[in-house]
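Before any comments, here is the structure.
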Amino acid sequence: MPEFPEVATLINWLNHQNFFDAKIKKIIFVDDIVLKNSTKKSFINFVCGETIKKISQIGKFIIFHLSNNKIIEIHLRLEGKIFYLLNNEKSKFPMIEIYLDNGKKIVYDDSRKFGTINIYNNYQDLLNSTEIKKLGKQPFDKTLTANYLFNCFKNKTQKIKTTLLDQTIIAGIGNIYADETLFLCKISPFRQTNKVSLKECQLIIDNCREIMSKSIRNKGTTVFSYQYALNHSGSFQKYLKVYGRKNLPCLRCGSILYWTKINGRGTTYCKKCQK
DNA sequence: CAGTTCGCCTGGGGGC
DNA sequence: TGCCCCCAGGCGAACT
């Protein structure tokens with residue numbers, strides 16, 4: 001599932017494609033369920049005739065900046081993908097195909113239909129939107145500090161695993177990087193959030209950044225069907241220490257890794273190493 | 001109000 | 001080989 005490093009990889013890839021002067025010509029919908037604040041008709045009216053200027057990231061959100069300051073905001077959720085294809089190429093589960101006047105198309109592909117797409121008249125409207133406004137710090141934001149985290153954590157009694165997935169605190173951590181970060185920090189996913197020390201807050205930030213940087217260098221983690229482009233997958237799964245390794249020996253102490261559900265999320269951890 | 005559970009959705013993997 | 005069941009999970013809504 002795309003988390004911060006996978007979204008960053010995708011955006012980096014897209015920004016290296018050459019569609020920035022091409023005009024959007026027509027849109028074909030297979031399914032419009034991902035459109036949240038527009039209809040097929042208003043979406044078509046909004047984007048047709050525009051060009052894409054650049055693509056940026058906020059947490060797990062992908063931001064398409066169009067001509068005339070228009071914005072398309074995409075969240076891939078679990079299985080969403082964005083492909084840049086020749087007109088005669090086909091992805092597996094296309095939902096929206098955006099045809100450009102250069103013989104190619106941008107395809108939003110999503111087998112589970114969980115993704116979301118919103119449109120905004122300008123960047124400020126995007127920043128004022130409920131889903132963006134409530135986001136916390138991004139992983140590499142300089143203002144993400146131990147003190148900030150400690151302050152967010154101090155009144156929380158829920159398990160730290162749940163808190164790390166809370167996008168209003170750190171925007172971009174998902175299930176894989178939450179488990180990996182806690183393992184590196186030697187913190188049990190069951191630990192009550194307000195029992196995490198200031199020192200451990202710094203550890204969480206450092207380890208989270210380290211894993212995410214390494215993941216981005218490896219073009220993300222491929223589990224299930226993640227691809228950042230058609231037939232291009234990441235390879236960070238090779239370096240995962242706990243996620244997907246249930247019942248395998250801990251790479252630090254050798255004891256068997258446990259798997260459980262915390263707030264409905266699969267969680268793999270080492271009972272011995274993580275306190 | 002904080003914390004937890006539910007439901008959205010469907011391909012694919014496991015069991016038989 | 002085919003069929004059934006159920007799991008995967010981000011996040012908003014509903015619930016406790």
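Mapping to the numbering used here: the first sequence position 145 is 145, numbers consecutive.
Just so it is clear, CB atoms sit at the ideal spot from N, CA and C, and this is done for glycine as well.
Owing to the predicted nature of the structure, the values given are computational and were not obtained by experimental measurement.
Coarse secondary structure for residue i, derived from DSSP in three states
i	result
N118	strand
E180	helix
T193	helix
Q57	strand
E79	coil
V47	helix
N165	According to the sequence as given, residue 165 is Leu; it is not Asn. Looking at L165 - three-state DSSP - the assignment turns out to be coil, as it is neither helix nor strand.
I277	Nothing can be reported for residue 277: it is not among the residues displayed for the chain, which extend from 1 to 275.
Y269	strand
L248	coil
Where the alpha helix (DSSP H) containing residue i begins and where it ends
i	result
E89	E89 -> no alpha helix (DSSP H), and no H or E assigned at all.
E131	130-133
F4	4-15
Y148	146-153
Rounded separation between residue i and residue j - CA only
i	j	result
S213	F140	9 Å
L240	G220	11 Å
F83	I160	35 Å
T51	D206	39 Å
P94	C253	45 Å
L135	S129	10 Å
F153	D101	50 Å
Beta-carbon proximity check, residue i vs residue j, cutoff 8 Å
i	j	result
I28	I71	no
L198	A178	no
I63	E73	yes
L14	I58	no
V47	I11	no
S255	K275	no
N87	K104	yes
Y282	T222	Given that the chain is displayed from residue 1 to residue 275, the structure contains no residue 282 and the question cannot be resolved.
Extent of the continuous beta strand (DSSP E) to which residue i belongs
i	result
D206	Not the beta strand (DSSP E): D206 falls in the alpha helix (DSSP H), residues 198-217.
E97	94-100
V107	104-110
Y226	Where Y226 is concerned, there is no enclosing beta strand (DSSP E), given that its DSSP letter is neither H nor E.
CB-CB length for residue i against residue j, believed under 8 Å
i	j	result
K36	I117	6 Å
I33	T162	The Cβ separation is near 28 Å, so there is no contact.
K53	Y99	Not really, about 18 Å apart at Cβ, beyond 8 Å.
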